[in-house]
Amino acid sequence: MSPRKRRKKPRTSRKIARKEYLKVAKKRKVSYQERRKAIGKQLKYLKKNLGNIEDLIQAGASLENLSKRQKNCLETIKKVYEQQQSMWENKTQSVPQRIVSLTQPHIRPIVRGKAGKPIEFGAKLSVSCVDNYVFLDKISWENFNESCHLKEQVEKYKETFGYYPESVHVDKIYRTRENRNWCKERGIRISGPKLGRPPKNVSEEEKKQAHSDECFRNAIEGKFGQAKRRFSLNLVMTKLPETSITSIAITFFVVNLCKLLRQFLSLFLSLFTNNRTGELIKPPFINFDYTLNNFYVLKLIDLSENPWSKVA
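Residue numbers (the working numbering): 12 to 323.
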C-alpha cells in the first residue's frame, strides 16, 4: 500500500450505522426478526471498522501513540464483537463472561427478577451482621449462589469469636438441605420453616420464634438501607474494579465506625448520668465493666495487648 493511500482516512459508515440503529431503537416494540436483522447489520459495520484498523497496522501504523485507556477500549471492543458474533451465529442470548460496558468490562448482568428491574449490574455482596456490626464476607463481579458460602461465613465467625453462633438468621436461598444438616451437626439453629410440606398445626411457640427470627433478620436489611441512604453505597462512581471494591469496603467500614462512635458516646455519657434515676453521680463510682466487655467480645478492644485500657 502506498503512503498516499495509507494517509487516506478509511470509510467507517458511522452515519449510516447510526440511522440503522435509531430506526430500531425508537420503536416501542421490536420483533425477534427485526432485532436480529439490526444486530447483524451493526456487526457488519463493526467488522468493517476493525478490519480497517488491522489493515492500517499491517501497512505500518502503530498503536503506541494510543493512551492506555484507548488500548484497553480497543481490546474490549474486539471481545464484545467476538461475543456478539458468537451469540448471533448460534442464536443464543447468553455467553460466558459477557461484557455489557466498554468502560467497565468487569461488570456482569445479574438476573434478580425484581419488579421493574429484572436485571441488575454491579458487584454482588455477601454480608453478615453480628451485634449490629457488618462483616463483608465476599464481594464479586460475577454472579454466584449465596447458599454456597454459608459454611465459610460461619467458620469465619468461629475463627473470629472462638465459638459457633447459637443461631443463624438467613434468607430463603440459604435454607438448603445441605446447609441445614451442616448446621444441625454443629448445634446451630437455622431460622425459617422446615423443608417439605408445611404442617397443619403450628404451636404458638414456633410462631413466636419464627416472628422473632424475621425481626432479628431485618437488621441486615436495615444495614443495606443505611449504607445506601446515608453513605452512598448506591452511588459508587469509581470505574476500576479495585477502586470500586475499595469504595464499597470503606462504606461498610464507615457504617461500623458510626455504630462504634455511638457506643463511645454512650460510654462518655455514662460518666455523668445514672441510667436508673437520671441523677448526676461521681466518676469514682462508675462501673465500666459492661461497656468494656461489649468491646472485648466484638474484639474492638483487646485487653491483653492494650495496657492503657486497664486504666479505665
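Built from N, CA and C at the ideal position, the CB exists for glycine as well.
- With contacts defined by Cβ atoms closer than 8 Å, L61 and K20 do not form a contacting pair.
- G133 sits in coil when the DSSP states are folded into three classes, being neither helix nor strand.
- By the Cβ-count criterion, H180 is buried, with 16 or more other Cβ atoms from all chains shown falling within 10 Å of its own Cβ.
- Sequence-distant Cβ neighbours of T187 in its own chain, meaning closer than 8 Å and more than five residues away, are S158.
- One alpha carbon belongs to N143, the other to K270, and they sit about 8 Å apart.
- By the neighbour-count definition (other C-beta atoms within 10 Å, threshold 16), C226 is an exposed residue.
- For the 8 Å CB-CB criterion, A36 and Y56 do not form a contact.
- Each residue's CA atom was taken as its position, placing F283 and R123 some 51 Å apart.
- Taking all protein chains shown into account, L161 has 16 or more neighbouring C-beta atoms within 10 Å of its C-beta and is therefore buried.
- Nearest C-alpha to T171 among F146, R191, Y185 and K195: F146.
- Following the DSSP letters along the chain, one finds V41 in no alpha helix (DSSP H), marked with neither H nor E.
- Close CB contacts of D224 within its chain, under the 6 Å cut and outside five residues either way in sequence, are with H180 and S202 (chain order).
- Per DSSP, the unbroken beta strand (DSSP E) holding K149 starts and ends at Y144 to S151.
- Looking at the backbone, the Cα of E253 and that of P210 are separated by about 49 Å.
- A238 counts as buried, since at least 16 other C-beta atoms from the protein chains shown sit within 10 angstroms of its C-beta.
- Of all alpha-carbon atoms in Q69, F235, V91 and L33, the one lying nearest the alpha-carbon of A260 is that of F235.
- Sequence-distant partners of I199 (beyond 5 residues in either direction) whose C-beta falls short of 8 Å from its own C-beta, in its chain, are V165, Y175, P176, E177, S178 and V179.
- T23 counts as exposed, since fewer than 16 other C-beta atoms from the protein chains shown sit within 10 angstroms of its C-beta.
- The continuous beta strand (DSSP E) containing I121 extends over residues P120 to K125.
- For S277, the enclosing alpha helix (DSSP H) stretches over residues P252 to L280.
- A residue is called buried when at least 16 other Cβ atoms come within 10 angstroms of its Cβ; I68 does not meet this threshold and is exposed.
- Going by beta carbons, C84 and L54 fall outside the 8 Å limit.
- Going by DSSP, F172 is part of the alpha helix (DSSP H) stretching over L161 to F172.
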